[in-house]
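Quick notes on the structure that follows.
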Amino acid sequence: MFAIAFFAFVRSNLPDVKVHRIDIYKFNVTKLQNENKDTLEVDVRIMVNVTNGNKKMTLLYGKMKVETKVEGFKLPNVHLDGFKQNTMTTNDLKIHPQELRSTVNKDDAKELKLTADQNELVLSLKLKGTIQFWYNGRMLSKMYLKVSCEGIEKHKVDLAVAHECNVKLSFVRKRGLQLGVECYHDFLKSLGHDPQ
Numbered sequence: 068m069f070a071i072a073f074f075a076f077v078r079s080n081l082p083d084v085k086v087h088r089i090d091i092y093k094f095n096v097t098k099l100q101n102e103n104k105d106t107l108e109v110d111v112r113i114m115v116n117v118t119n120g121n122k123k124m125t126l127l128y129g130k131m132k133v134e135t136k137v138e139g140f141k142l143p144n145v146h147l148d149g150f151k152q153n154t155m156t157t158n159d160l161k162i163h164p165q166e167l168r169s170t171v172n173k174d175d176a177k178e179l180k181l182t183a184d185q186n187e188l189v190l191s192l193k194l195k196g197t198i199q200f201w202y203n204g205r206m207l208s209k210m211y212l213k214v215s216c217e218g219i220e221k222h223k224v225d226l227a228v229a230h231e232c233n234v235k236l237s238f239v240r241k242r243g244l245q246l247g248v249e250c251y252h253d254f255l256k257s258l259g260h261d262p263q
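The numbering used here puts the sequence shown at residues 68 to 263.
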């Protein structure tokens, strides 16, 4: 029962993650001679707000791997450095994969070009790493962090409608839950609450 309370406590302190800007530097479809395929070139930058809205908990992020897709085409992965996030602060993450160059059949190329011209591109992001929850100089828990941003519609983001992402946690090791519960027990005691 106490473990359930601990996990609920950690979930209540999750960061808020939103995609708030998408810059398309290049989205070109080039026709190839004497072939039934065209060349697609994509260069995109995505800006993501990560907010720690907690008044007492400091968050420490490890290195993160980012997977990006534009209209289903997977761009090269991006690796972000870890960072510390104090209480009630927001960090802006810049995700700029290397340019994608891929061959597509002519029918798909035509549809992609039309989608881009009408500003109806749809993107997705997945961020994976670790996160630590700190209170009063002590780590309460270290967990795996997975952020999923599916179905990001560029035209909505351009209208200042930020896309909210889904944030999930899982324990780093088998003893992670036990250690976390012990730290949470001490945390409640430090606040003057009876954890029994």
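Ideal placement from N, C-alpha and C gives every residue a C-beta, glycine not left out.
Values in this document were obtained by computation on a predicted structure and should not be read as measured data.
### Task
Out of T135, L236 and T154, point me to the one whose CA is closest to Y202's CA.
T154
### Task
Name, in chain order, the residues that DSSP records as bridge partners for N199.
Per the sequence shown, the amino acid found at residue 199 is Gln instead of Asn. Q199 is bridged to L127 and K209.
### Task
Examine the Cβ distances between the region 181-192 and the region 208-227 and report whether three or more of them are shorter than 8 Å.
yes
### Query
Which partner residues does C232 have in the DSSP bridge list?
Beta-bridge pairing links C232 to no other residue.
### Task
Check each candidate in S237, L207 and H230 and name the one with the smallest Cα separation from K123.
L207
### Query
The beta strand (DSSP E) with V224 in it runs from where to where?
V224 -> not in any beta strand (DSSP E); alpha helix (DSSP H) instead, spanning K221 to D225.
### Task
State the DSSP-derived secondary structure class of D83, mapped to helix, strand or coil.
strand
### Query
Where V234 and L160 are concerned, what is the direct C-alpha to C-alpha distance, given to the nearest angstrom?
16 Å
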